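Residue numbers (our numbering): 79 to 181.
For each residue, glycine too, the CB sits at the ideal point set by N, CA and C.
Given the structure is predicted, the values throughout are model-derived calculations rather than measurements.
See structure below.
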DNA sequence: AGTAAGGCGGGCA
DNA sequence: GTGCCCGCCTTAC
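Written out as structure tokens, the structure is:
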């Protein structure tokens, strides 16, 4: 069973368009908890569904990949498959690909 | 039921 | 660019 928090998170992640990425902070901010970025990551860690919800499109606020329950390697692979290249553990042209949640 | 530890981060020094 | 400390949720003891 998913917690309320997780539902919010997953729901918001689903909004992220293909080929773009978002950050834990932005995501946390979107659900009204700007200080819960880590908690967001924690929620994704349970990750009930790998490709169902684009949790792989979520990266750190500084453009770095962050982690991935299935392995960062896999994460990079999925992103690359969507056209998002990773260079040296960092998203290429990160800020341009960053999807910002509208309020 | 209460308390303590962990985890895919963020911000500041 | 690196290191340290903080805050937030979930799960285990």
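Validate contact between the stretch 131-143 and the stretch 156-166 using beta carbons, cut 8 Å, 3 pairs: As far as the Cβ criterion goes, the stretch 131-143 touches the stretch 156-166, which means the pair count is three or higher.
contact_flag[the stretch 145-154, the stretch 105-116] where n(CB pairs < 8 Å) is 3 or more: no
Beta-carbon proximity of residue 101 to residue 136, cut-off 8 Å: yes
Cβ pair residue 172, residue 144 closer than 8 Å: Result no, Cβ atoms of residue 172 and residue 144 do not sit closer than 8 Å.
DSSP-derived helix/strand/coil call for residue 176: strand
Other residues of its chain near residue 90: CB distance less than 7 Å, five sequence neighbours each side excluded: 105, 108, 109 and 179
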